[in-house]
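*Asks:* What follows is a single structure, and I will ask about it in a moment.
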Amino acid sequence: MQFTLFIISISILIGFLLLPLAKRLGAPLLLVLLGLGMLLGEEGIGQIPFDNFHLAYDIGSVALAIILFAGGLETDRNVFKKAGSASISLATLGVLVTAFVVGITAHFLIGLSLLMAFLFGAVIASTDAAATFMMLQKSGLSLNERVKQTLLLESGLNDPAAIFLTIVLTSLIGGHSQLDINAAIQFLILITQQFGLGLIGGYLGGYSIVFLINKIELPAGTYPAVSMAGAIAIFSGIATLGGSGFLAVYLVGIILRNKSKHPLDRIINFSEGLQWVSQILLFVMLGLLVTPSDLGRDIWQAIIIACVLIFIARPLAVFLSLVFTKFSIKEKLFLSWVGLRGAVPILLAMYPVIAPGPVSTDFFNIVFVVVTTSLILQSWTIEPLGKILGLNKSNI
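Residue numbers (numbering that gives the first Met the number 0): 0 to 395.
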């Protein structure tokens with residue numbers, strides 16, 4: 000127990016110490032921490048064996064819930080006025096278009112069944128909030144506020160969409176459903192359940208926490224802990240009922256940010272600290288879970304899928320989702336390129352592996368390669384692309 004705790008705490012500490020290095024290199028922290036996890040793993044210098052997908056998914060789910068709650072706390076309602084409609088369109092229609100295009104590619108390239116292929120597309124359909132924020136911050140670009148807020152809000156909203164789409168498709172595959180009218184009806188029922196319970200639970204739970212905080216006098220230092228405990232309780236409770244706990248916990252953060260009468264500085268600072276710890280723990284753990292020698296088996300298929308995702312699926316999703324908006328062609332091109340994938344797709348790739356459905360760990364490995372390819376190819380090119388397109392505020 001003591002040794003395990005030592006390894007975890009040292010990994011988190013090293014993760015924080017790597018932050019300046021990641022910023023200096025212009026690399027996503029996710030990429031650096033995944034590398035740290037692989038170095039500590041069974042085939043790295045750490046020689047730590049770790050292949051427990053069930054435990055990793057459970058830990059990762061709680062970490063992601065904390066990350067989403069903190070993301071909700073940072074979302075002011077004024078952001079929705081500037082970028083709400085575009086972000087919601089990207090997080091719904093955009094996710095569906097991405098999942099469809101990538102799914103069709105996986106069906107013909109890898110030979111997956113249509114349901115399995117669409118599951119693969121759903122898993123990698125969401126963008127990463129942490130990677131997007133850090134890369135925009137590092138780029139030094141003074142972007143139009145509408146473009147910047149759309150990217151950040153989309154990356155927060157599309158996680159729940161991709162998550163419950165993945166859970167629904169995994170349930171269909173686990174039930175050995177075929178792609179027919181019965182599967183379509185079952186799909187609609189499951190997605191309505193996930194979305195409906197998540198929406199209702201997040202709304203009621205968020206206002207319940209706000210009511211408690213506003214009405215009950217507690218020591219000032221306890222409000223952040225009460226907020227976090229309430230958010231995790233709502234996340235786990237809604238998930239137990241069969242709804243999207245991730246959507247619920249994100250909504251709780253948004254409601255708390257915009258309805259609490261107490262100063263939010265302590266709550267936001269506390270949540271931000273836990274968010275960083277959760278991200279580092281999650282990324283290092285995902286790196287530990289990977290066996291580097293297994294990645295080579297399907298590496299070329301994964302790279303081709305990554306290219307389809309980056310050059311076809313994402314741009315198509317952006318242009319279709321924003322067809323009735325006032326974004327310029329240059330802004331749409333930039334939004335198309337800054338669709339960084341991150342921890343959520345890798346975490347979601349575990350779910351079909353541990354759920355009752357015939358998905359092997361190769362599925363996880365392919366998703367891992369797709370995500371790392373996206374990070375490597377896109378992260379270092381955001382700044383030059385923004386300058387080429389002339390998207391600094393002074394040029395708009």
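For glycine and all other residues, C-beta sits at the position ideal for the given N, C-alpha and C. Bear in mind the structure is a predicted one, so any value in this text is a computation, not a measurement.
Find the nearest neighbour of ALA247 within the set GLY70, LEU168, ASN213, judged by alpha-carbon distance.
*Replies:* Here the question's residue 247 lines up with position 248 in the sequence shown. When only C-alpha atoms are compared, the closest one is GLY70.
*Asks:* Measuring straight from C-alpha to C-alpha, what distance separates ILE395 and GLY272?
*Replies:* Translated into the one-based positions of the sequence shown, residue 395 becomes position 396. Translated into the one-based positions of the sequence shown, residue 272 becomes position 273. Confidence at ILE395 is low in this model, with a pLDDT of 46, below 50, so its placement is unreliable and the value that follows should be read with caution. The alpha-carbon atoms of ILE395 and GLY272 are separated by roughly 36 Å.
*Asks:* Taking the continuous alpha helix (DSSP H) assigned at LEU281, which residues delimit it?
*Replies:* For this step, residue 281 is matched to residue 282 along the sequence shown. It spans 264-288 - the alpha helix (DSSP H) in which LEU281 sits, taken as one unbroken run.
*Asks:* Go to GLY43, then tell me how far its alpha helix (DSSP H) extends in each direction, as first and last residue.
*Replies:* The count along the sequence shown starts at 1 and reaches residue 43 at position 44. Where GLY43 is concerned, there is no enclosing alpha helix (DSSP H), given that its DSSP letter is neither H nor E.
*Asks:* In angstroms, rounded to a whole number, what distance separates the CA positions of SER170 and VAL322?
*Replies:* Counting from 1 along the sequence shown, the entry for residue 170 is found at position 171. Counting from 1 along the sequence shown, the entry for residue 322 is found at position 323. Each residue's Cα considered, the two are about 33 Å apart.
*Asks:* What are the boundary residues of the alpha helix (DSSP H) that LYS260 is part of?
*Replies:* Reading the sequence shown from its first residue, position 261 is the one you call residue 260. LYS260 -> no alpha helix (DSSP H), and no H or E assigned at all.
*Asks:* Going straight from the alpha carbon of PRO48 to that of GLY241, what length do you get?
*Replies:* Sequence index remark: in the sequence shown, residue 48 carries index 49 (1-based). Sequence index remark: in the sequence shown, residue 241 carries index 242 (1-based). C-alpha separation (whole angstroms): 33 Å.
*Asks:* Does DSSP put LEU164 in a helix, in a strand, or in coil?
*Replies:* Position 165 of the sequence shown, counting from 1, holds the residue named residue 164. Helix, per DSSP.
*Asks:* Please state if the CB of PRO223 and the CB of ILE279 are separated by a distance shorter than 9 Å.
*Replies:* On the sequence shown, position 280 is the one that residue 279 refers to. On the sequence shown, position 224 is the one that residue 223 refers to. Cβ atoms of ILE279 and PRO223: not closer than 9 Å.
*Asks:* What distance in whole Å lies between the Cβ atoms of LEU67 and ASP158, which are believed to be in contact at a cut-off of 8 Å?
*Replies:* Position 159 of the sequence shown, counted from the first residue, corresponds to residue 158. Position 68 of the sequence shown, counted from the first residue, corresponds to residue 67. Sure, about 6 Å apart at Cβ, within 8 Å.
*Asks:* For SER10 versus LEU39, is the C-beta distance shorter than 9 Å?
*Replies:* Residue numbering aside, residue 10 sits at position 11 when the sequence shown is read from its first letter. Residue numbering aside, residue 39 sits at position 40 when the sequence shown is read from its first letter. Going by C-beta atoms, SER10 is nearer than 9 Å to LEU39.
*Asks:* Report yes or no: do the region 247-256 and the region 224-235 share at least 3 C-beta pairs separated by less than 8 Å?
*Replies:* Verdict: yes, contact present.
*Asks:* Identify the continuous alpha helix (DSSP H) that holds PRO27 and give its terminal residues.
*Replies:* In the sequence shown, counting from the first residue as 1, residue 27 sits at position 28. Per DSSP, PRO27 belongs to no alpha helix (DSSP H) and is neither H nor E.
*Asks:* Could you spell out the range, first to last residue, of the alpha helix (DSSP H) harbouring TRP336?
*Replies:* Numbered from its first residue, the sequence shown carries residue 336 at position 337. Where TRP336 is concerned, the enclosing alpha helix (DSSP H) stretches over 328-336.
*Asks:* Run through DSSP, which three-state label would LEU240 get?
*Replies:* Walking along the sequence shown from the start, residue 240 turns up at place 241. Coil.
*Asks:* When the Cβ atoms of the region 294-306 are set against those of the region 362-370, are three or more pairs found closer than 8 Å?
*Replies:* Touching, per the Cβ criterion.
*Asks:* Evaluate LYS147 with the Cβ neighbour count: other Cβ atoms within 10 Å of its Cβ, from every protein chain shown; 16 or more gives buried, anything less gives exposed.
*Replies:* Taking the first residue of the sequence shown as 1, we reach residue 147 at position 148. Classification for LYS147: buried.
*Asks:* What are the boundary residues of the alpha helix (DSSP H) that includes PRO291?
*Replies:* If you number the sequence shown from 1, residue 291 lands on position 292. Looking at the DSSP string, the run of the alpha helix (DSSP H) that includes PRO291 is 291-294.
*Asks:* So THR221 is in the alpha helix (DSSP H); what residue range does that whole segment cover?
*Replies:* Stepping through the sequence shown from its first residue, residue 221 is reached at position 222. Note, THR221: premise wrong, no alpha helix (DSSP H); not H, not E.
*Asks:* By a C-beta neighbour count over all protein chains shown, 10 Å radius and 16 as the cutoff for buried, is GLN46 buried or exposed?
*Replies:* Your numbering for residue 46 matches position 47 in the sequence shown. GLN46 should be labelled exposed.
*Asks:* Leaving aside the five residues before and after VAL31 along the sequence, list all residues of the same chain whose C-beta is less than 6 Å from its C-beta, in chain order.
*Replies:* Taking the first residue of the sequence shown as 1, we reach residue 31 at position 32. Closer than 6 Å at the Cβ level, and outside the excluded window around VAL31, lie LEU17, ALA21.
*Asks:* Return the first residue and the last residue of the alpha helix (DSSP H) that LEU461 is part of.
*Replies:* Within the shown structure, residues of the chain are numbered from 0 to 395, placing residue 461 beyond reach of any answer.
*Asks:* Taking the alpha helix (DSSP H) that THR3 belongs to, which residues open and close that run?
*Replies:* Reading the sequence shown from its first residue, position 4 is the one you call residue 3. Start and end: 1-16.
*Asks:* Could you check whether the region 326-344 touches the region 368-380, counting it as contact only if at least three pairs of C-beta atoms, one from each stretch, sit closer than 8 Å?
*Replies:* Yes, they touch.
*Asks:* I need the straight-line Cα distance from ALA312 to LEU108, nearest angstrom please.
*Replies:* As a working note, residue 312 is residue 313 in the sequence shown. As a working note, residue 108 is residue 109 in the sequence shown. Computed Cα separation, rounded: 15 Å.
*Asks:* Which residues mark the beginning and the end of the alpha helix (DSSP H) in which LEU321 is found?
*Replies:* Walking along the sequence shown from the start, residue 321 turns up at place 322. Unbroken run through LEU321: none, as it is neither H nor E.
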